[in-house]
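Read in order, the letters of the sequence shown correspond to residues 23 to 276 in the working numbering.
For each residue, glycine too, the CB sits at the ideal point set by N, CA and C.
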Amino acid sequence: MTPEELHNIYRAENEFWWYQGMRAITSALVDPLFQSRGGVGLDAGCGTGFNAQEFEKRHGLRMVGVDFAPLAILYGRQRNFNRSMVASVTELPFPGESFDLVTSFDVLSHLPRGEEQRALGEFARVLRPGGWVVLRVPAFRALRSRHSQFIQEQQRFVISQFLPLLAKLNLRVPYIGYINSLLSPVALLKFRIWEPLTGARPRSGVDTMPPPWLNRLLRRVLLCEAALIRRGCRFLFGQSLIVVAQKPASSHNI
């Protein structure tokens, strides 16, 4: 990811509708897992540290972060997220069974094809027995956009592709599903028709804030989706894929 985009993310994460909506959807799935506060978590590919800090506030976890980009770690320091270091998600610098939770949001899509299995293996290795993995990745190649090109996205995933990767690690998968689904028809029209017709160049999708009314409207759509997910709804299509998986209490097979 470019330094320019890291700066865009740092500025946008608190108020931009997409980030707010993704946090609400993630909370809808994660809140039931951590009724009691405490434990140690890892955000693999922590970026500027915003998500890790949210997990600390919401669930009382002591979060640690790693990111391949030194600039991302520096942005985290500006947020006072200091338990982070430069490292690769495919070679985590931690002993086995160190964490109760591993999160990784929109990171595996930046790895060369095939390296996602290596990263998942590392997540499973550093998880304690009974610990949880929460992952989000972009979904469906048809939804690849000019923004995807700008952030150097290498691949997108679907459920049928992702489940075998988790099965190889003997991870239990209580939830896997598509999110950012309600806006997908609009996104499909934009990415597959409008952008090619207008000759749009690769560009950041978060370099400027939308008008306040539009930001509120789009956020409300995702908050509605989060509420539906809390009630057990699963979507068949969406711009992202989210996974909640658990390491068995007996981990000798991993």
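Non-local C-beta neighbours of Leu240 in its own chain, meaning closer than 8 Å and more than five positions away in sequence, comprise Trp39, Trp40, Gly43, Leu205, Pro232, ordered along the chain. With respect to Ala66, Val111 sits close: the two C-beta atoms are nearer than 8 Å.
For Ile201, no alpha helix (DSSP H) encloses it; the enclosing beta strand (DSSP E) starts and ends at 194-201. Under the Cβ criterion (8 Å, minimum of three pairs), the region 85-97 counts as touching the region 25-39. In this structure, Val86 keeps its C-beta atom at 8 Å or more from the C-beta atom of Arg99. Going by C-alpha positions, Gln176 is about 11 Å away from Gly136. With 16 or more other Cβ atoms inside 10 Å of its own Cβ, Cys68 counts as buried. Contact between the region 243-251 and the region 154-174 is absent, with fewer than three C-beta pairs closer than 8 Å. Lys212 has its alpha-carbon roughly 29 Å from the corresponding atom of Gly254. For Met44, the three-state secondary structure derived from DSSP is helix.
Under the three-state reduction of DSSP, Gln261 is assigned to coil, being neither helix nor strand. By the 16-neighbour rule on beta-carbons within 10 angstroms, Lys269 is buried. In this structure, Phe121 sits near Gly63, with a CB-CB distance shorter than 8 Å. About 18 Å separates the beta carbon of Glu113 from that of Leu187, a gap too long to meet the 8 Å contact definition. Phe103 and Leu130 have their alpha carbons spaced roughly 22 Å apart.
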